[in-house]
Every structure is written in C-alpha cells, then in structure tokens.
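So for the sequence shown, the working numbering puts the first residue at 1; every next one is plus one. Built from N, CA and C at the ideal position, the CB exists for glycine as well. These notes concern the structure reproduced below.
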Amino acid sequence: MENYFARLNQINVSAHLEKKGEFSYLSWPFAVAQLRLADPAAFWEVRRFDGLPYLKTATGTFVEVAVTVQGVTLAQIHPVLDGKNRPLAEPTAFDINTSIQRCLVKAIALHGLGLYVYAGEDLPDAPTPAAPKVTAMPTTRTITLGQQRFLERLIGEAGWTEARFLDYFGLQTAAELPMAEFERAMKGLQQAKRRAA
1 MENYFARLNQ INVSAHLEKK GEFSYLSWPF AVAQLRLADP AAFWEVRRFD
51 GLPYLKTATG TFVEVAVTVQ GVTLAQIHPV LDGKNRPLAE PTAFDINTSI
101 QRCLVKAIAL HGLGLYVYAG EDLPDAPTPA APKVTAMPTT RTITLGQQRF
151 LERLIGEAGW TEARFLDYFG LQTAAELPMA EFERAMKGLQ QAKRRAA
C-alpha cells in the first residue's frame, strides 16, 4: 500500500499560500483539489454539536472537521477567530464558515498536505518585552553576525520567510535578536526544518 502521507507531504504548497495580516493560509480549494487528486474517495465531515456546526463554550466557539483518506480519519478542532487570530465572543455565520474552511485545511494537513505551513504554530507566544531600563550601557546583548547568518540560512531551510521569523520575535531585523533567545530560535527552526523535510 502506498504511503499517502508521504505523497501528500511532498507537495510544495508555497505558491498557494495566502497572506492575511501577519498570517499565512493555505487556500482551501487548492487543499481539497490536491486531496481529491491523491484519493478520489477521500471525504470530510463537519462535526455537529446538538445539530449545529459549532460548539459554544465559556472559553470560545469551536468547529471540528474530520477528514478521511484511504480509510484513516483524522479530526481537527479549531476556534472561531477574527482576522488577528483572537477568539470571537459572538461570531457571525460568516466567521463560523471561515473557521470551518480553515479547520478543513488543517485536518487535510494532518494527512500530510501543507503540514509544514503550521510548523511552529504551537510554540508559545513570544514574551512581551518589558519596558527598557534607562542606563548608559546597553542591557541586552544581541546575536553575532555569524549567528545571524546561521539563522537566516535555517529560516530558508525550514520553509519560513524572514518576515514570519521577525514577526514571531517582534523584531525589525534578525540582528536585534537577543542572545538569550538564540538557542530557542535555532531549535524551533531546526524542528520546522525536520518537519518540512
């Protein structure tokens, strides 16, 4: 039996990513088309909660989509978010539908297609920097030029863009990365590189 995960995971989806704000999304029509080309019998189901395609809880509203490929069903749960990836207290039908489509793409990604797009998504948010102390000497050492070049190479090998890396760490340039954050950045990019391979 062919390893469908490996087949789907080898497809380069970079040309089909859409950028909204600071986030990249894989186009759902492209994801569905690639899935059906790989397995014409593949199907998906929007899970229902008391007949509704969403679940409203005290912490937010969620949707769930299960995708079945070659008899293997994998499900993804996704919160209903606004354009800045913040939970919506009172989502509209459009918000719920948008989240269902995003959830569908992520459930397809569990089968391999575009999985690397979500590498690092589960990393904690970068800590909010404290207000800088006013001193005559700088208080934060930044990475060396060699470390910067190493990270820039890793960014490309991991399938990330420099803009995504800079947004994640809240930087204008990679040279601003504090020395204390270098190891975390390096490990995260190496992990994303392994996932992309």
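Sequence-distant residues of its chain with Cβ nearer than 6 Å to residue i (five each side left out)
i           : result
residue 25  : 18
residue 165 : 155
residue 157 : 193
residue 167 : 22
residue 62  : 55, 77 and 79
residue 119 : 192 and 195
residue 137 : The pLDDT assigned to residue 137 is 48, lower than 50, so where the model puts this residue is not dependable; a value taken from the coordinates is nonetheless given after this. Result list for residue 137: empty, nothing under 6 Å.
residue 60  : 79 and 87
Cα-Cα separation between residue i and residue j, rounded to whole angstroms
i           : j           : result
residue 75  : residue 99  : 14 Å
residue 117 : residue 4   : 18 Å
residue 51  : residue 58  : 19 Å
residue 15  : residue 185 : 25 Å
residue 97  : residue 42  : 21 Å
residue 40  : residue 162 : 37 Å
residue 35  : residue 101 : 14 Å
residue 91  : residue 53  : 13 Å
residue 199 : residue 9   : Given that the chain is displayed from residue 1 to residue 197, the structure contains no residue 199 and the question cannot be resolved.
residue 149 : residue 85  : 31 Å
C-beta atoms of residue i and residue j nearer than 8 Å
i           : j           : result
residue 80  : residue 28  : no
residue 169 : residue 147 : no
residue 108 : residue 31  : yes
residue 46  : residue 111 : no
residue 7   : residue 33  : no
Cβ neighbours of residue i in the same chain (closer than 7 Å, five flanking residues each side left out)
i           : result
residue 95  : 80 and 88
residue 171 : 177
Assumed close pair residue i, residue j - CB separation to whole angstroms, cut-off 8 Å
i           : j           : result
residue 44  : residue 13  : Rounded, the Cβ-Cβ distance is 18 Å, inconsistent with contact.
residue 20  : residue 83  : 6 Å
residue 145 : residue 174 : Not quite, the Cβ-Cβ distance comes to about 10 Å (not below 8 Å), so this is no contact.
residue 65  : residue 103 : 4 Å
Per-residue DSSP class, three states only, for residue i
i           : result
residue 113 : coil
residue 27  : coil
residue 76  : strand
residue 162 : helix
residue 64  : strand
residue 173 : coil
residue 106 : helix
residue 45  : strand
residue 92  : coil
residue 69  : strand
residue 142 : strand
residue 187 : helix
residue 22  : coil
residue 56  : strand
Cβ shell of residue i (< 8 Å), same chain only, five flanking positions each side left out
i           : result
residue 178 : 140, 141, 142 and 143
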